[in-house]
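Residue numbers (this note's numbering): 8 to 556.
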Amino acid sequence: MVYVSLLVISLLLITGLGLYSWRNRSAPGVASFSIMMFFGAFWMLTITLMLTSTSHNQALLWYRASFISIASLPVAQLVFVARYLQSPLITPLRLTLMSVIPLLTQVSVWTDERLHTFFVSVSIVEHDGLMVLQSWTPSYWFFIHTIYSAIILFFGLTWLFGHAISQFRIFRGQSVAFIVGTLILAIPNFAFAIGLIPPDIIILPFCMILTCTFYFWAIFHQKLLNLVPVARSKMVDIMQDGMIVLDTGNRIVDINPTAQKALSVSGDVIGQSALLLFEPWPMIVERFLNSQETQTEIAISSSGEDLYYEVRITSLVDNNQKAAGRLLLFRNITQRKKIEHKQALLLESLNEKNVELEKLYSMALDANPMTGLPGNNSIAAAITRTIQGHTQEGVIYTDLDNFKAFNDKYGFALGDEVIKFTAEIVGGAVVTADASTAFVGHIGGDDFVLLVPSGKISEIADIVIAEFDEGIREFYSDEDLQQGYISSVNRKGEAEEFPIMSISLAGVDLSQGHYGEYVGVNDACAELKKRSKAKAGSTFSMDLRTRKM
């Protein structure tokens, strides 16, 4: 029963390896390793069932079933090596062809009682309570199976060993542990197959436990399932950075596909002078071919487009610390530069928007509560900016005539409606005149200020007068409109007749440069407003003064 116990232990060990590795099956080669372990577990299970069978026929059945794993394991091992090394050698078609012999082996094993193509004879006897293989005589397909399995197995191990020699220490450790563990199991079984070990000597559980021990060491100490080797040549070929290696004479020693594509050359440039390679870009020759260590960014024009590259040059030395050449690495960062440029423009735009928001916030705090238009502070700031900026703009100052008399007769509520109406008129005038950049402010009461393009001053003034004179009549009674005035009390308390409201406008062209500060503009507008109010009806007076000498 010692043999059975050892078989059960080996079964548990190899099953545990299969289940543990299956959790990380997305890593290269790990799924194939798990499948190997499951084949091995099935092998241990069938041999255990054979030894503990109660009849010769039952034992023979399980012995034949063991060949499902025995025939499949070499192919599974080769697939694992290919996946572990990330080689494209084992394609689906090749795997199918490789599986033909193992499949035919299954046919031969299970039809052996009638055809005897695998065994001429097999003898299983009971020994110490266990069903053991006493003797067997192989047929021709047994030799085909054995030779094929040996070729596949040792090809995979040789491939892995050859690759391990050129790898880092930890990857060599992984490969050696796997190779030794596999050989511990494979060599005795091949010795058994060719008759060097008698069939009644059961060494399988000892070999499997040792094999699992080496596999455990490879997995948990050498990180077999976590670290997978990648050939340095493959890394160089697939890296996104361009790579050029120069010797001490500036001759090209190596160039990867990325660099070939970027420079529109082929691998035939190996051995040529770098001066010829970079001849279309003399700036590169001047800046870099004599540099030992550098890291910078450059711009190169190609097909009318600027391409940006990050360039890094590193000196190479041999084992004696003597100069051996230089390594040039370059990366196309054009897309990154475009993104950075867009980000800079966006940041600039955001800053401008922030300034606008701050301006609007200030205007909102200063806004007239009745009309919502910017108030005194905003008006003063806007006019001051125009004066200091020497822009082509002018000021229009508006004031309603006879508004107090209207208020006294019709009341403050209707008076407020007249002020709102006036705000709509002046705001609509700048739109009608296509002066979308104009500024409209409300000083207070019935006084408004417009900051408009210099060439639009007279046009906007005419629109305001025409719209106001037409719309103001809606606020009067028919009686007052018919007589053309209203009767009210003047500021002295005397009865007086006041004409229908009109609007007086004063214009100052700031582009003439006569005024250097807001106060001067305000005084000029007040003076012009008085001149306009002295005339009957709605009028506009323009300041004609030009730049001071």
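Note that beta-carbon positions come from the ideal geometry of N, C-alpha and C, so glycine has one too.
Inter-residue Cα distance where the pair is residue i and residue j
| i | j | result |
| --- | --- | --- |
| S12 | H63 | 21 Å |
| R538 | N383 | 23 Å |
| V187 | S41 | 18 Å |
| F337 | D248 | 6 Å |
| M360 | D516 | According to the sequence as given, residue 360 is Lys; it is not Met. Spanning the two alpha carbons is a distance of roughly 29 Å. |
| A420 | Y404 | 24 Å |
| A225 | W117 | 36 Å |
| A101 | V107 | Looking at the sequence itself, residue 101 is Arg, so the reference to Ala does not match. R101 and V107: Cα-Cα distance of roughly 10 Å. |
| V582 | N327 | The structure shown has nothing for residue 582, since the chain only spans 8 to 556. |
| L314 | I340 | 8 Å |
| P81 | S73 | 14 Å |
| V447 | R498 | 30 Å |
| K329 | G278 | 21 Å |
| L122 | Y155 | 21 Å |
| Y10 | L217 | 15 Å |
| T189 | R32 | 20 Å |
| A436 | S465 | 11 Å |
| R179 | Q229 | 9 Å |
| I204 | I194 | 11 Å |
| E293 | A306 | 14 Å |
| A629 | V324 | Outside the displayed span of the chain (8 to 556) sits residue 629, for which this structure offers no information. |
| A238 | E347 | For A238, the predicted structure reports a pLDDT of 47, less than 50, and the residue's modelled location is therefore unreliable. The matter cannot be settled from this model. |
| T301 | Y316 | 13 Å |
| L334 | N263 | 12 Å |
Identified DSSP bridge partners for residue i
| i | result |
| --- | --- |
| R319 | Q302 and L336 |
| Y492 | P506 |
| L407 | I510 |
| D415 | Bridge partners of D415: none, in fact. |
| V324 | A330 |
| S280 | R258 |
| S128 | T144 |
| D516 | G401 |
| S308 | D313 |
| E133 | M138 |
Terminal residues of the beta strand (DSSP E) in which residue i lies
| i | result |
| --- | --- |
| S142 | L137 to P145 |
| G448 | F446 to G451 |
| S17 | Looking at the DSSP string, S17 is not in any beta strand (DSSP E); the run it does join, the alpha helix (DSSP H), is V9 to W29. |
| T546 | T546 to D550 |
For residue i, the three-state DSSP class (helix, strand or coil)
| i | result |
| --- | --- |
| D313 | strand |
| H521 | coil |
| G249 | strand |
| E501 | coil |
| A72 | helix |
| A184 | helix |
| I259 | strand |
| P460 | strand |
| D454 | strand |
| S484 | coil |
| K540 | helix |
| H152 | helix |
| I291 | helix |
| H123 | coil |
| P99 | helix |
| Q65 | helix |
| Q84 | helix |
Residue from the options with nearest C-alpha to residue i
| i | options | result |
| --- | --- | --- |
| Y525 | T393, Q65, I186 and K349 | T393 |
| F223 | A184, V252, P212 and Q302 | A184 |
| I390 | F125, V402 and G379 | V402 |
| L19 | W50, A38, N31 and S33 | W50 |
| D406 | A388, I432, D453 and T444 | D453 |
| I386 | V456, I75, Q489 and R258 | V456 |
| T429 | V459, E400 and G379 | G379 |
| S146 | S130, M138 and F126 | F126 |
| L92 | A78, S60, T144 and G163 | G163 |
| H521 | Q302, Y492 and L551 | L551 |
| L24 | P35, M43 and G36 | M43 |
| E331 | F413, V252, D469 and P264 | In the sequence as displayed, the identity of residue 331 is Ala instead of Glu. The option with the nearest alpha carbon to A331 is V252. |
| V15 | T59, A157 and A351 | T59 |
Range covered by the alpha helix (DSSP H) that runs through residue i
| i | result |
| --- | --- |
| H397 | Here H397 belongs to no alpha helix (DSSP H), and DSSP marks it neither H nor E. |
| D469 | I464 to G478 |
| T557 | Any property of residue 557 remains undetermined from this structure, which presents the chain solely from 8 to 556. |
| P109 | V107 to W117 |
| T53 | V37 to L58 |
| I226 | L211 to F227 |
| A269 | P264 to L270 |
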